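Note that UniProt numbering numbers the sequence shown so that position 18 is 69, with each residue one more than the last. From the three backbone atoms N, C-alpha and C, an ideal C-beta is built for every residue, glycine too. Keep in mind the model is a prediction, meaning the values are calculated, not measured. This report refers to the structure that appears directly beneath it.
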Amino acid sequence: THFGFQTVPEGEKAEKVYKVFESVAKKYDVMNDAMSLGIHRLWKDTLLHIMNPQPGLRLLDTAGGTGDISFRFLEYTRSMYDRQQRLRAKSHQTPSWQDITDHYVSDDAGPPRSCAVVCDINKEMLKVGKQRAEKAGITTGLSWVVGNAEELPFDDDQFDIYTIAFGIRNVTHIEQALQEAFRVLKPGGRFMCLEFSKVTNPLLARLYDTYSFQMIPVLGEVIAGDWKSYQYLVESIRKFPDQETFKEMIEDAGFFCVQYFNLTGGIVAIHSGFKL
Ligand code: SAM
52 THFGFQTVPE GEKAEKVYKV FESVAKKYDV MNDAMSLGIH RLWKDTLLHI
102 MNPQPGLRLL DTAGGTGDIS FRFLEYTRSM YDRQQRLRAK SHQTPSWQDI
152 TDHYVSDDAG PPRSCAVVCD INKEMLKVGK QRAEKAGITT GLSWVVGNAE
202 ELPFDDDQFD IYTIAFGIRN VTHIEQALQE AFRVLKPGGR FMCLEFSKVT
252 NPLLARLYDT YSFQMIPVLG EVIAGDWKSY QYLVESIRKF PDQETFKEMI
302 EDAGFFCVQY FNLTGGIVAI HSGFKL
């Protein structure tokens, strides 16, 4: 989940980030599980629970990598639709006018189609993601687009939800990426970011520091043969703005009702805001 280069000069950062993800793409998912002890799955599930997307929405998953957030989004909206259908069937003996028209519409058009666009600057990450989708049998509602978060290849007002999970730290100009998120969201659309943040509990902070400084580069070397990238990871997490500062940056980009949720004592945080 976890690279980021704040220590290299700005001009070189994008190139360095690209090379790292190109070389780790095949090991990326294994490394995520190893480094977070599988907890990244719970963080991503929590993002979806907070989002609680209704069927029929359009998601842009920026820096989407191998597709974890998009897969969850499609699965969530599909099971939400099934649940709604079951509840509707159970709770109405005598159908209301609304039920009749809903039924008519859904018979005609089928379930509202949710769709997710995985956008990432790195072709290799997308390639691994596509293979995963094929293996999992996800064939509809998903597309893969090569693109830079700082200059998204989409028109204005296109998406209901914009997510960026463990991606914004890797972007060279964070403000620019936030402005692009604002531009491509529809009015009423939601921005959601899952990212490493500042640990709030001092005891946990000490344990986490020890683990990340001593263990993560070792795991990087053993599993991916890449000590340096994982050392940068640890440094970049410390350099990323804390919860309150990042919240202000999101507000500065024009979002309203910005709030954040700390997970695992602030090891990561979910920031959310709306384009009104
Ligand atoms: N979101 C996925 C997840 O949570 O598993 C992948 C996160 S991975 C740590 C970071 C991703 O950000 C990589 O796939 C990388 O290629 C992508 N990335 C880095 N800089 C980017 C940029 N400027 N625009 C789009 N994607 C970028």
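- Taking the Cα of K237 as reference, the smallest distance to any Cα among E63, N313, W94 and F306 is reached at F306.
- Residue environment for H322: buried (at least 16 other C-beta atoms within 10 angstroms of its C-beta).
- If you check the C-beta of M176 against ligand 1, you find a heavy atom less than 6 Å away.
- Here the distance from the Cβ of A114 to the nearest heavy atom of ligand 1 is below 6 Å.
- By the Cβ test, the stretch 199–207 is in contact with the stretch 228–236, since at least three Cβ pairs between them sit closer than 8 Å.
- Bridge partners of A216 according to DSSP: L245.
- By the criterion of a C-beta distance shorter than 7 Å, L177 is surrounded in its chain by V169, D171, W195 and V197, once the five residues flanking it on both sides are discounted.
- For F297, the number of other beta carbons within 10 angstroms of its own is at least 16, and it is reported as buried.
- E201 carries a coil assignment under DSSP once its states are collapsed to helix, strand and coil.
- The three-state secondary structure of D211, taken from DSSP, is strand.
- DSSP places A114 outside both helix and strand once states are collapsed to three, so it counts as coil.
- Excluding its 5 nearest sequence neighbours in each direction, R289 has no C-beta neighbour in its own chain below 6 Å.
- Residue range V319 to F325 is occupied by the beta strand (DSSP E) that includes S323.
- DSSP, reduced to helix, strand and coil, places L177 within a helical segment of the structure shown.
- Between A216 and L245, the C-beta gap is smaller than 7 Å, which places the two residues in contact.
- Not one heavy atom of ligand 1 sits closer than 6 Å to the Cβ of I321.
- In this structure, the straight-line span from the alpha carbon of S130 to that of M243 is close to 21 Å.
- Excluding sequence positions up to five before and after Q105, its CB lies less than 6 Å from no other CB in the same chain.
- Non-local C-beta neighbours of Q227 in its own chain, meaning closer than 7 Å and more than five positions away in sequence, comprise E201, ordered along the chain.
- Per DSSP, reduced to three states, the secondary structure at R164 is coil, with no helix or strand assignment.
- Excluding its 5 nearest sequence neighbours in each direction, V81 has no C-beta neighbour in its own chain below 6 Å.
- Every unbroken stretch of the beta strand (DSSP E) spanning 3 or more residues and falling wholly within the stretch 230–305 is given here in chain order: 236–247.
- In this structure, L314 places its C-beta atom within 7 Å of the C-beta atom of W94.
- Short note on A216: C-beta closer than 6 Å to some heavy atom of ligand 1.
- Excluding its 5 nearest sequence neighbours in each direction, V250 has C-beta neighbours in its own chain below 7 Å: A256, Y259, G316, G317 and I318, listed in chain order.
- Not one heavy atom of ligand 1 is found less than 6 Å from the C-beta of V179.
- S263 has its alpha-carbon roughly 33 Å from the corresponding atom of K186.
- Across the structure, T261 and L284 are spaced so that their CA atoms are roughly 14 Å apart.
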